[in-house]
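First comes the structure, then the notes that go with it.
In my numbering, the protein residues as written are 999 to 1141.
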């Protein structure tokens, strides 16, 4: 499986974080949001990995594309909220591969931008690292 494909499959569940229990929530407008995730490639234009919509609330404010089977392969994420920024780290295992992900997303009312770094270790192969960007905007009320 290519790094981009594995990164997309393992990174999306990494974003299954919620700020429930955080002392201060970022400046986010609840509602229906549209997100785009891109793989940042040094020296080349970003490669689009996914575009999707999702209803966000203060209890669930990071973009998600649910993959219940893959979620079982990830350890519980560690997260923190500081001002308008949510940061996280996550470790997932799939077959002989391990992916470690760290990132942050910053909200500004009806917009969001984030970046995360994914490091994949395939058994018996060289470590691969990628950086992905996610951006989002509120497009209306939840349906």
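Glycine included, every Cβ here is placed at the ideal spot set by N, Cα and C. A quick note: this is a predicted structure, and the numbers were derived from the prediction, not measured.
Proximity to residue 1057 across 1094, 1025, 1040 and 1109 peaks at 1025, based on C-alpha coordinates.
In this structure the segment 1093-1101 lies against the segment 1112-1128, because at least three pairs of beta carbons, one per stretch, are closer than 8 angstroms. By DSSP's assignment, residue 1036 forms a beta bridge with 1046 and 1131.
Residue 1099 has 1088 and 1116 as its beta-bridge partners, per DSSP. In terms of Cβ geometry, residue 1031 and residue 1109 do not form a close pair [threshold 7 angstroms]. At least 7 angstroms separates the beta-carbon of residue 1028 from that of residue 1051. Under DSSP, residue 1026 shares a beta bridge with 1107. Beta-carbon to beta-carbon, residue 1088 and residue 1072 are separated by about 6 angstroms, close enough to satisfy the 8 angstroms threshold. Residue 1128 is positioned such that its CB atom lies no closer than 7 angstroms to that of residue 1035. DSSP places residue 1067 within a helical segment (H, G or I) once states are collapsed to three.
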